[in-house]
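Heads up, the thing below is written out as structure tokens.
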Amino acid sequence: MLKNYQIYSKKYEYAVFNNFFKKLETKGFVTSELFESIKLLMGNACANKVKKSGLENLHNFIPCEYLPFLVKILQKRIDKFFLHFSVLFAKKKLGLRKNFFVDQSIIYRIHYPFEIGKKSNLKKANYLKLNLDHYKSAKQQIKNSLKNKNLHQIEKRFKEAIKYHRNLPTAVWCHGPHKDTWFGHSYNGINIWYAVAGVTKKNGVILYPSISAKNLKHLRSPNYIAPGQLLPKPIIPAVNNGSLLIFNSETLHATRINTSNTTRIVITTRINPFKPTFYDGTTEAEYPSWFSAQDIEKNIFESPVSFPRKENLKPKKKTKKTPIKSERVFVINKKLPQKEPVYICKSQKIKNNEKILLKFQNRQIILFKSESKFHALSASCPHVGINLIDGFHDKKSIFCPGHGLRFDVKSGFSECKSLRIKIFRIKNISKKLYLIN
């Protein structure tokens, strides 16, 4: 029988903890430090307004451009507390007794609603120019960075990430589906996802546990899932503010685009019950630094334990490659629009609930059948251009396989006012399907 921690470090399971030791103290400390950090960065008046309105309304008081500085302040004020909290949680709830490790990286994920964040001027190239330790000069630094549009000194992996995110402002960057090992983190990790404020089903974390054991392929850079692999319906666990989600870091997961009207604030880290080992197929950054639970309990933070990736690679195992389902493609050697209806195929060629990718010379369209009704819609998600062909669909909706945005298959509307897909008419004439522009 697996021990409690092994369920999450070895299996693709997840769980939400609404009750745990020192829950109220943890929430109180984190919330208090957030207000103090806002006061340091933006002044007492701003902090009081946020306190009165609620952290979930942070986007109404602090411009997106200041968020990187706020995160840096939070790291200095909360990191050690959260390391202690992680050890305590692991012992009390996961049953860890022997020495184990906690990742040195504590991540503060502050996500504004997409419609607000997309208006920010701070792109990745500007962000990389900021000296986040000097928060007192934040205003001037932001101003100076916005003048600098030179990309030639940016690392290749950042350039690839900028391309993936279509150079959107950093405030609205979302992780695509990935396993943490693809991004340089260790095997056997247990992710701790602590909901601070504003967390809803419209801005949470997306999990795909049912597909995680399969032999998934990823892009070379950034290391998100490669196209051509059909994903199931996204699972977004309901996590109340002040509660905690844990899941295996090898579970395929992604960030849900924030279509809510709240700021989502989450703190994350990971625990490893074993000596960290790593994946050798990543092109992402290295994360070798960990604290042992024993050192954390003794308040020893000066010398984290180092596990260099090249010295701690996980031995490769010969595993049976399970093929991942992909959808069929029809190539149509025409450009759209056409004056006349465009013949696609005989209607019996389309099975119920099956999606077909129609490749025209100048655009791609998805065709599918649901309850004897045919639907056709633009294949490209307007968010960052992910192809919807790999996303889950039913008779009412299709989900973007990148960041979980749901589109209505009749109207093309999503929960973001500015993100909509084009709907096409399909006509069935004598059991032959035609696309009507």
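So the sequence shown is numbered by this note's numbering: it starts at 41 and just counts up by one.
In this text, a Cβ means the ideal position worked out from N, Cα and C, and glycines have one as well.
Using a Cβ-Cβ cutoff of less than 8 Å, which residues in the same chain neighbour I146 once the five nearest sequence positions on both sides are dropped?
Numbered from its first residue, the sequence shown carries residue 146 at position 106. Here the set comprises Q115, I118, D119, F122, L123, I307, T308, T309.
S72 to S420, Cα distance in whole Å?
Against the sequence shown, residue 72 aligns to sequence position 32. Against the sequence shown, residue 420 aligns to sequence position 380. Approximately 43 Å between the Cα atoms of the pair.
Go to Y54, then tell me how far its beta strand (DSSP E) extends in each direction, as first and last residue.
If you number the sequence shown from 1, residue 54 lands on position 14. First-last of the beta strand (DSSP E) with Y54: 54-57.
Identity of the residues DSSP links to T309 by a beta bridge
Against the sequence shown, residue 309 aligns to sequence position 269. I232.
Let's test the definition: count the other Cβ atoms within 10 Å of the Cβ of S346 and tell me whether it reaches 16, buried, or not, exposed.
As a first step, residue 346 is located in the sequence shown; it is residue number 306 there, counting from the start. With fewer than 16 Cβ atoms within 10 Å of its Cβ, S346 is classed as exposed.
Have a look at M82 and I102 and give me their C-alpha separation to the nearest angstrom.
One-based indexing of the sequence shown puts residue 82 at position 42. One-based indexing of the sequence shown puts residue 102 at position 62. Their backbone Cα atoms lie some 8 Å apart in a straight line.
Around the C-beta of I469, are 16 or more other C-beta atoms found within 10 angstroms, so that it is buried, or is it exposed?
The count along the sequence shown starts at 1 and reaches residue 469 at position 429. That one is exposed.
At the level of alpha carbons, what is the spacing between A253 and K51?
Sequence index remark: in the sequence shown, residue 253 carries index 213 (1-based). Sequence index remark: in the sequence shown, residue 51 carries index 11 (1-based). Approximately 9 Å between the Cα atoms of the pair.
Report the option in G442, L407, N427 whose CA atom is closest to the CA atom of K450.
As a first step, residue 450 must be located in the sequence shown, where it is residue number 410. K450 has its Cα closest to that of L407, out of G442, L407, N427.
Could you check whether the region 185-204 touches the region 143-157, counting it as contact only if at least three pairs of C-beta atoms, one from each stretch, sit closer than 8 Å?
no
DSSP three-state call for K462: helix, strand or coil?
Sequence index remark: in the sequence shown, residue 462 carries index 422 (1-based). It is coil, neither helix nor strand.
C-alpha gap between Q388 and R368, whole angstroms
As a working note, residue 388 is residue 348 in the sequence shown. As a working note, residue 368 is residue 328 in the sequence shown. Roughly 14 Å between the two C-alpha positions.
Over the uninterrupted beta strand (DSSP E) stretch that includes Y490, give me the two end residues.
In this structure the chain extends from 41 to 477, so residue 490 is not present and cannot be described.
In its own chain, which residues sit with a C-beta less than 7 Å from the C-beta of L353, not counting the 5 before and 5 after it?
On the sequence shown, position 313 is the one that residue 353 refers to. Result list for L353: T317, F318, D320, in chain order.
Contact check, I251 vs P272 under 8 Å by CB: the rounded distance?
Here residue 251 refers to the residue found at position 211 of the sequence shown. Here residue 272 refers to the residue found at position 232 of the sequence shown. Contact holds; Cβ gap of about 6 Å.
Rounded straight-line distance, which links the Cα of Y175 to that of G488:
In the structure as shown, the chain begins at 41 and stops at 477. Residue 488 is therefore absent and cannot be evaluated.
Helix, strand or coil: which one does DSSP assign to I146?
Position 106 of the sequence shown, counted from the start, is the residue given in the question as residue 146. DSSP places I146 in coil when its eight states are reduced to three.
Please report the Cβ distance between I194 and A235, rounded to the nearest whole angstrom; I am assuming they are in contact, meaning their Cβ atoms lie under 8 Å.
As a working note, residue 194 is residue 154 in the sequence shown. As a working note, residue 235 is residue 195 in the sequence shown. Between the beta-carbon of I194 and that of A235 there is about 33 Å, and that puts the pair past the 8 Å contact cut.
How many angstroms separate the CA atom of I340 from the CA atom of W330?
On the sequence shown, residue 340 is found 300 positions in, with the first residue counted as 1. On the sequence shown, residue 330 is found 290 positions in, with the first residue counted as 1. If you take the alpha carbons of I340 and W330, they lie about 12 Å apart.
Buried or exposed for D434, please, with buried defined as at least 16 other CB atoms from any protein chain shown within 10 angstroms of its CB.
Translated into the one-based positions of the sequence shown, residue 434 becomes position 394. Within 10 angstroms of the beta-carbon of D434 lie fewer than 16 other beta-carbons, which makes it exposed.
Taking N29 as the reference, give the member of I384, K138, I476 with the closest Cα.
Nothing about residue 29 can be read from this structure; the chain reaches only from 41 to 477.
Determine the contact status of I230 and S49, defining contact as a CB-CB distance below 7 Å.
Along the sequence shown, read from residue 1 onward, the residue named residue 230 stands at position 190. Along the sequence shown, read from residue 1 onward, the residue named residue 49 stands at position 9. A contact, by the Cβ cut-off of 7 Å.
Keeping to the same chain, check which residues put their C-beta closer than 8 Å to that of P209; ignore five residues upstream and five downstream.
Start at 1 with the first residue of the sequence shown, and residue 209 comes out as number 169. Only C104, G157, K158, K159, S160, N161, L162, K163 meet the Cβ criterion.
Per DSSP, cross-strand counterpart(s) of I469
On the sequence shown, position 429 is the one that residue 469 refers to. Answer is K472.
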